[in-house]
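Numbered per this note's numbering, the first sequence spans residues 48 to 493. Ideal placement from N, C-alpha and C gives every residue a C-beta, glycine not left out. Given the structure is predicted, the values throughout are model-derived calculations rather than measurements. Have a look at the structure below before the remarks.
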Amino acid sequence: MPQPVALFWFRRDLRLDDNAALFHALKGKMPVLPVFIFDTQILDDLSDKTDARVTFIHQAVQQLHQELAQLGSTLLVRQGAPLEVWKDLLQEFPVGAVYSNRDYEPYALNRDQSVKDLLQNAKIPFHQHKDHVIFEKDEVLKDDGTPYTVFTPYSRKWLAKLQSRKQLLPGEAEPVSFYLRSYPTLQYAANFLTTQPAPMPELPEIGFAPSQQSIPPTTVARSLIRNYAQTRDFPGRAGTSRLGIHFRFGTISIREKARHAFGLSDTYLNELIWRDFYSQILAHFPGVVGQPFKAQYARVPWRDAPEEFQRWCEGRTGYPIVDAGMRELNATGFMHNRVRMITASFLTKHLLLDWRLGEAYFAEKLLDFDLASNNGGWQWAAGCGTDAAPYFRIFNPAEQTKKFDPEHQYIRRWVPELGSVRYPPPMVDHAFARQRCLEAYKTALG
DNA sequence: TGAAATGTTGGGGCG
DNA sequence: ACGCCCCAACATTTC
48 MPQPVALFWF RRDLRLDDNA ALFHALKGKM PVLPVFIFDT QILDDLSDKT
98 DARVTFIHQA VQQLHQELAQ LGSTLLVRQG APLEVWKDLL QEFPVGAVYS
148 NRDYEPYALN RDQSVKDLLQ NAKIPFHQHK DHVIFEKDEV LKDDGTPYTV
198 FTPYSRKWLA KLQSRKQLLP GEAEPVSFYL RSYPTLQYAA NFLTTQPAPM
248 PELPEIGFAP SQQSIPPTTV ARSLIRNYAQ TRDFPGRAGT SRLGIHFRFG
298 TISIREKARH AFGLSDTYLN ELIWRDFYSQ ILAHFPGVVG QPFKAQYARV
348 PWRDAPEEFQ RWCEGRTGYP IVDAGMRELN ATGFMHNRVR MITASFLTKH
398 LLLDWRLGEA YFAEKLLDFD LASNNGGWQW AAGCGTDAAP YFRIFNPAEQ
448 TKKFDPEHQY IRRWVPELGS VRYPPPMVDH AFARQRCLEA YKTALG
């Protein structure tokens, strides 16, 4: 009987250090063999075969492959439907246990349940750990045991829980800081399975071509975090961290970043709390995918105007701040958060187009796309979400520009033809659109 | 992390 | 000096 191995399954946690489930795997008695699966069920649905996120994942996996080779181990890289790949793996290896970090999105929950069933039939334990968030859905609840649906009290409880356990400070109690100080160490590194490097597929082998879009670095200046509250709302300045994609795919640890922000910027830490907030909303209320959190908003009569939606997508609305945002998104896969709110308000309120159209467009374009945060943000903008902006809160693009891009630094960068005959007039009059929106929402909700 | 409409106040021009 | 009006500036209410 060959010696059993523990398989560690990388998914959206593409790093070796401060990785909760990997730590637990290495701490166990069996040698650990890491695995990554290029999931064809996801990849085959992507219409853009130069999707920058696939290039990014491929590079991150390649990096892990190299790091593990240097430790004398390897990364098994497979391609296929995860359940089928797992059936193969159980045939090929004497699997004694499987470890992974929990993923809370509906697709991932389904996928993991099917793998869990498979492993259970084979009497193989499947150990899942918390890694993507600071607090999971049942760790921050109201006193009556129900989930929060309003951010402010949620954040208060979240902070109280954090501070009472000092979980982000080195040397304090489990579970959060535990990983920070415990891995990597040479001792644990020695618990990887020693083997020859397995082959690493090139990008074309998984059906994609490389993207030229650039990815922000994993490092952020301390001064940026310190000044975050003062600079984060100005899209013309480099005042935000742009770490979203790294949180999305786990190329940096959320614990490490929360510890970084702790005591340095409450505003930055607050953004990380928003991330946990929307993650637990999605986990408790999976119906928010596709439906408004507030049911009565399903009655809002969204207009059917594909050509207007197209103008919004392409950044040809005639509102410079809106067009600048959409063009930044189309060109770079990123949009400044302030401008995400402005463009989302414009689509749902000025144009009265369904928030799900905008949500889907952002999902396709944003490198940092995260289902929970994107859905939460869109429902917030449309007024139908948890703790949402009331329906009558309608952003005025001109006022927003005055406040947040007064020198037009941002607008000039993305709409250089502003002022020339090539720039279109506003596709809808602001005062008219505002009135139309108020009446439509009032009728639907009244 | 809203904006517009409406109300209030007080300084200053002017007869 | 006084009353009247205008309006900017700020506050409050409404959508």
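Chain-order list of residues whose beta-carbon lies under 7 Å from that of residue i (same chain, five-residue window excluded)
| i | result |
| --- | --- |
| Trp349 | Leu399, Leu400, Asp401 |
| Ser420 | Arg322, Tyr325 |
| Phe340 | Phe332, Gln426, Cys431, Gly432, Thr433 |
| Val132 | Ile84, Arg125 |
| Leu166 | Val145, Phe173 |
Host beta strand (DSSP E) of residue i (start-end)
| i | result |
| --- | --- |
| Ile84 | 79-86 |
| Leu123 | 123-127 |
The alpha helix (DSSP H) enclosing residue i, as first and last residue numbers
| i | result |
| --- | --- |
| Ser147 | Where Ser147 is concerned, there is no enclosing alpha helix (DSSP H), although the beta strand (DSSP E) it sits in stretches over 142-148. |
| Gly432 | Unbroken run through Gly432: none, as it is neither H nor E. |
| Leu483 | Residue 483 is actually Arg in this sequence, not Leu. Arg483 -> alpha helix (DSSP H) spans 477-492. |
| Arg273 | 269-273 |
| Ala445 | 444-451 |
| Ser326 | 313-331 |
| Lys341 | Lys341 -> no alpha helix (DSSP H), and no H or E assigned at all. |
| Val386 | 384-392 |
| Ala371 | 367-379 |
| Thr102 | 99-117 |
| His71 | 67-74 |
| Gly254 | Note, Gly254: premise wrong, no alpha helix (DSSP H); not H, not E. |
| Val162 | 153-168 |
| Trp349 | Taken as a continuous stretch (DSSP letters only), Trp349 belongs to no alpha helix (DSSP H), as it is neither H nor E. |
| Glu303 | 301-308 |
| Leu404 | 402-412 |
| Ile181 | Here Ile181 belongs to no alpha helix (DSSP H), and DSSP marks it neither H nor E. |
Bridge partners - residue i, DSSP secondary structure assignment
| i | result |
| --- | --- |
| Pro175 | Position check: residue 175 holds Gln in this sequence, whereas Pro was assumed. Its beta-bridge partners are Ser147. |
| Trp56 | Val82 |
| Pro194 | Leu188 |
| Phe239 | Val79 |
Nearest-angstrom beta carbon gap, residue j and residue i [assumed within contact, 8 Å]
| i | j | result |
| --- | --- | --- |
| Glu391 | Ala428 | The question names Glu, but residue 391 is Ala in the sequence shown. Correct: roughly 4 Å between the Cβ atoms. |
| Ser288 | Leu271 | 6 Å |
| Ser161 | Trp56 | About 13 Å separates the two Cβ atoms, so there is no contact after all. |
| Phe198 | Lys96 | Actually they are not in contact, since the Cβ atoms of Phe198 and Lys96 sit about 38 Å apart, beyond 8 Å. |
| Ala480 | His397 | 4 Å |
| Phe281 | Asp159 | Not really, about 41 Å apart at Cβ, beyond 8 Å. |
| Pro473 | Gly337 | Contact flag wrong, Cβ pair sits at about 32 Å. |
| Ile84 | Arg125 | 5 Å |
| Leu123 | Leu63 | 15 Å between Cβ atoms; not a contact. |
| Ser300 | Asp65 | 4 Å |
| Val52 | Leu240 | 6 Å |
| Leu418 | Glu152 | 5 Å |
| Phe296 | Arg59 | 5 Å |
| Arg387 | Gly424 | 7 Å |
| Ala67 | Lys177 | 6 Å |
8 Å CB neighbourhood of residue i in its chain, flanking five on each side removed
| i | result |
| --- | --- |
| Ala236 | Leu73, Leu118 |
| Arg14 | Nothing about residue 14 can be reported from this structure: the residues present for the chain run from 48 to 493 only. |
| Leu404 | Phe356, Leu394 |
| Lys184 | Tyr151, Pro194, Ser326, Gln327, Ala330, His331 |
Neighbourhood of residue i by C-beta, 6 Å cutoff - its chain only, sequence neighbours within 5 removed
| i | result |
| --- | --- |
| Leu69 | Phe55 |
| Gln175 | Ser147, Arg149 |
| Tyr470 | Glu464 |
| Pro559 | Nothing about residue 559 can be reported from this structure: the residues present for the chain run from 48 to 493 only. |
| Phe180 | Per the sequence presented here, residue 180 reads as Val, with Phe not at that position. Cβ neighbours of Val180 beyond the five flanking positions: Asp323, Ser326. |
| Leu500 | No answer is possible for residue 500: the residues shown for the chain start at 48 and end at 493. |
| Arg374 | Gly362, Trp461 |
| Ala276 | Thr314 |
| Leu492 | Gln343 |
Using 8 Å as the threshold, is the region 262-269 in touch with the region 134-142, meaning 3 or more CB pairs across them?
no
Decide yes or no for the touch test of the region 291-307 against the region 412-426: beta carbon pairs closer than 8 Å, at least 3 of them.
yes
The region 305-319 touching the region 327-336, judged by at least three CB pairs closer than 8 Å:
no
Assess, as a yes-or-no matter, whether the region 369-388 is touched by the region 460-472 under the definition of 3 or more beta carbon pairs within less than 8 Å.
yes
I want to know whether the region 187-201 touches the region 423-443 - three or more CB-CB distances under 8 Å.
yes
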